Amino acid sequence: MATRAEAGLVQPVVAGWLDRARSRPGLLFAGLVVVLSAALVLGVGFGTVSIAPVDTLGILVHRLLGLNLGGHWTAAAETIVFEIRLPRVLSAMVVGVGLSVAGATFQGLLRNPLADPYVLGTASGAALGAAIGILIPIRIALFEFGLVQLFAFIGALLAVGVVYRISRTGALSPLTGLLLTGYAVGSLLAAGLALTMYVSGTNLRQIFFFLLGGFDGSSWLQLAGTAPLILGGSVLIMLRAGPLNGFLLGEETAGNLGVDVRRERVILLGLGSLVTAAAVSVAGLVGFVGLVVPHLVRLVVGPNARRVLPISALLGASLMVGADLLARVLGEIPVGVVTAVIGAPFFLVLLRQTRSAYEL
Amino acid sequence: MSRRPTLSRLGSLAAAAAMILAACSTGASSSFTYGPSLPVPSAAPGGSKAASLAPVSPSPAATFPLTLTDDAHGVVVLPKQPRHIVSLTPATTETLFAIGAGDRLVADGDFDDYPAEVKDLPHVATYSSVDVEKIVGLGADLVIAGGNGFNKPDAISRLKGLGIPVLVVYAPDVAGVLSDIRLIGDAVGNGSQARALTTSMQAGIDSVKAATAGLPQPRTFYEIDATKDIYGPAPDSFLAQEIQYAGGNPITTGDPAIFSIPLEKLVAADPQVIVLGDSAYGMTAAVVAARPGWKTMTAVRSGAIEPIDDLVVSRPGPRLVEGLRLLAMAIHPDLVLPPYGSPGPSASPVASPSGSALP
């Protein structure tokens, strides 16, 4: 086995790379912009139908800039590139941004490394909402959003709202109360989901696919409906990196530092939940990204939310676009599986290589 | 402190769902053949039964542009006769070949296996996904999809959003299969062939019903799968109806939304005939007889356990009559059925893209 020898070679390389990235976050940011751009280009360029790169470029220039470079391509190729791949790739990017930023927010706010965007009942709420939407036989659609997406969105927000209201009345500290209430409400909703799935008959498959998550229903209209919520919410969270840093030191310290703890907590929780709900309504329950991407970023750049949030957004977007491309090329396997398969080993290597003490 | 994220709990639910699905897919091939034995939700087409009760009238050859209403109440507009057809279910693929439109099929689903010609076609639908990009790449001008959740509804609405006509079919019962064949025939411009086929099929169905009419109706359990839970037909399902037509008294799960039957209940129902829909997966009468608790059933004691080709019985397509005959003979081994002719032009697809009337 050569693994030990290889590890001996890899270790200093990774560690050195980590040190450089840590000392120059600007460079890391620029590097990730390049990675994301590459992921976007590959995502639009590849699929189950092969289209020449020249044609892909010609179609994009023609449709986005209105210029005609004189290429000849079929109408089908134009539909594939512009109506299928581009909105799908951009949806993956937007959802990647949203889940990573929301994950970083919840982890910081709750001071819990196992928090993810779904921790306060969002996932169970969305899943139950979607399942009910699937079972209601009425099919309406607005912006190519049907009942399923709408109910998922509402379910996620309702769940967080209920968790927040209940947690406030308890005698526990706000954070413990939130986490435990989230767990309890989540369990209740999961039981409701299990029951819904049990009686769903042939609709079980559809509910199951929602739980797995994916981007194969993406369209421009869906993107137009959710991207403003997700990207807008993410930017608003980034503008509150200061208060979020305060929460990292504990709520009391944050208060002493002049952070209006109660107000900021509600705002950050609300924004994080809104972003998550919108992301879930487009993509279903894509796991892993929201949990691990912020940790990956903190391992490299440290806990400062001013760096963690934007870099998480870029890394999450790149990971999601890349994972979706792999998922498509490998025959529509669930994107959550791909994100975990790519991300988990990477995360483990970083965990082992990190030299500085890791803190949230 | 370590608190499990909510997602992990949902993960275990998803895993449970996966197991249920796997159970259905290994044994219940019916779930591959767009759930004919599964119950009918309220979204089921209301018109299919009524339409097929009416006498089959030779309608004039459809003229394009054509507007149709499919089984999901979708309005399908076909500007001209489809020349590049994609069929996403095994039954609709069989139907297209049986009405002489097989030569215009450009892609099908992964599980389509009949007739032999489909082996060479590109496959664009798996159990869990539809390759929208490839369908667009093939220049499809009509996609025929399975309703009631057989093909991913997301993908269907995506295709529609891209301007590709999608005809969604779902047959909750035997009459629905016939009206779907006519619907598909109209959509592809082969309405006359489709009507010739359904007339012949209706005659075949009637002859089975007539042959079994005066016979005693043994309590019949159609086993879809029993590797873990025991799966059988739900009440009022396509499969339960077929058992009735074949002269049996179907033992069902008792609830349209439930597909499995507890062993206690099956023992209490005491089947006189057990039909093994899972025989293609290696299930035999000997294995059934050796199962703990099954010995008390009349069917096991008398040896009335019959293997059957489930694909033909439970697939809601043009081979329906063959399946019904197999079922009738499994339930009544001494039954003599009148011969059933080749249903329409299925053996040798008639290339008649113009949709001209058959003699």
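Each protein sequence line maps, in turn, to chains A and B. The first sequence lines up with residues 3 to 362 when you count with my numbering. The second sequence lines up with residues 2 to 360 when you count with my numbering. For each residue, glycine too, the CB sits at the ideal point set by N, CA and C. Quick caveat: nothing in here was measured; it's all calculated off a predicted structure.
Proximal residues to residue i (C-beta, below 7 Å), its chain only, five neighbours per side dropped
i	result
A/Leu350	none
B/Val131	Leu89, Val125, Asn152, Lys153, Ala156
B/Arg159	Val133
A/Leu233	Val96, Val99
A/Phe217	Arg90, Ser93, Ala94, Ala285, Asp326, Val337
CB contact flag (residue i, residue j, <8 Å)
i	j	result
A/Val83	A/Leu66	no
A/Val295	A/Ser275	no
B/Pro272	B/Thr299	yes
B/Val119	B/His85	no
A/Pro176	A/Thr278	no
B/Ile244	B/Thr221	yes
A/Val282	A/Ala128	yes
A/Leu122	A/Val162	yes
A/Gly243	A/Gly98	It is worth fixing the name first, because residue 243 of chain A is Ala in this sequence and not Gly. No, the pair does not count as a contact, with Cβ atoms beyond the cut-off.
B/Gly278	B/Asp311	yes
B/Val170	B/Lys161	no
B/Gly138	A/Val51	yes
A/Gly231	A/Ala280	The question names Gly, but residue 231 of chain A is Leu in the sequence shown. Cβ distance < 8 Å, so A/Leu231 and A/Ala280 count as in contact.
A/Leu287	A/Phe210	no
A/Leu20	A/Thr356	yes
A/Val323	A/Leu42	yes
B/Ala258	A/Val201	yes
A/Gly248	A/Val261	yes
Selection from the options that minimises the alpha carbon distance to residue i
i	options	result
B/Leu321	B/Tyr341, B/Met298, B/Ser158, B/Thr297	B/Tyr341
A/Ala79	A/Phe212, A/Ala41, A/Phe48, A/Ser202	A/Phe48
B/Gln218	B/Val77, B/Pro234, B/Met330	B/Met330
A/Phe31	A/Val310, A/Gly333, A/Arg90	A/Val310
A/Ile269	A/Asn258, A/Val284, A/Gly235	A/Gly235
B/Pro251	B/Pro257, B/Lys266, B/Ala235	B/Ala235
A/Leu69	A/Asp21, A/Val165, A/Gly60, A/Val288	A/Gly60
A/Trp75	A/Val282, A/Met240, A/Val56, A/Arg264	A/Val56
A/Arg117	A/Met240, A/Ala342, A/Gly127, A/Val103	The identity of residue 117 of chain A in the sequence shown is Ala, whereas the question assumes Arg. It is A/Val103 whose Cα lies nearest to the Cα of A/Ala117.
B/Val178	B/His333, B/Gly324, B/Asp256, B/Pro319	B/Pro319
B/Ile185	B/Tyr282, B/Glu95, B/Trp295	B/Glu95
B/Ala287	B/Asn191, B/His333, B/Val301	B/Val301
A/Ser25	A/Phe348, A/Leu301, A/Ile209, A/Leu238	A/Leu301
A/Gly272	A/Val37, A/Ala158, A/Gly148	A/Ala158
A/Ile335	B/Ala258, B/Leu328, B/Tyr128	B/Tyr128
B/Ile100	B/Gly215, B/Leu198, B/Ala269	B/Leu198
Where the beta strand (DSSP E) through residue i begins and ends
i	result
B/Asp132	Counting along the chain, B/Asp132 falls outside any beta strand (DSSP E), and DSSP gives it neither H nor E.
B/Glu224	220–224
B/Gly147	143–147
B/Glu1	As shown, chain B starts at 2 and ends at 360. That puts residue 1 of chain B outside it, with no answer to give.
B/Val167	167–170
A/Thr171	That residue, A/Thr171, is in no beta strand (DSSP E); its alpha helix (DSSP H) goes 149–171.
A/Thr50	Element bounds for A/Thr50: n/a, residue is neither H nor E.
B/Thr68	67–70
Same chain only: Cβ atoms within 6 Å of residue i, ignoring 5 sequence neighbours per side
i	result
B/Pro339	Ser208
A/Ile134	Phe153
B/Glu307	Val276, Ala331
B/Ala241	Pro234, Pro251, Thr253
B/Val78	Thr68
A/Phe377	The requested residue 377 of chain A does not occur in the structure, where chain A is confined to residues 3 to 362.
A/Phe348	none
B/Tyr115	Glu95
Per DSSP, cross-strand counterpart(s) of residue i
i	result
B/His124	B/Asp109
B/Pro251	B/Thr221
B/Ile275	B/Phe222, B/Ile306
B/Tyr232	B/Asp226, B/Ser261
Segment limits, alpha helix (DSSP H) that includes residue i
i	result
B/Pro80	Note, B/Pro80: premise wrong, no alpha helix (DSSP H); not H, not E.
B/Leu198	192–213
B/Ser88	Looking at the DSSP string, B/Ser88 is not in any alpha helix (DSSP H); the run it does join, the beta strand (DSSP E), is 86–88.
A/Leu174	Taken as a continuous stretch (DSSP letters only), A/Leu174 belongs to no alpha helix (DSSP H), as it is neither H nor E.
B/Ile262	It is not in any alpha helix (DSSP H) - B/Ile262 carries neither H nor E in the DSSP assignment.
A/Pro55	55–62
A/Glu80	77–80
A/Ile138	Taken as a continuous stretch (DSSP letters only), A/Ile138 belongs to no alpha helix (DSSP H), as it is neither H nor E.
A/Asn258	253–258
A/Asn247	243–250
Other residues of its chain near residue i: CB distance less than 8 Å, five sequence neighbours each side excluded
i	result
B/Leu122	Leu106, Val107, Ala108, Asp109, Asp113
B/Ile231	Glu224, Ser261, Ile262, Pro263, Leu264, Leu267
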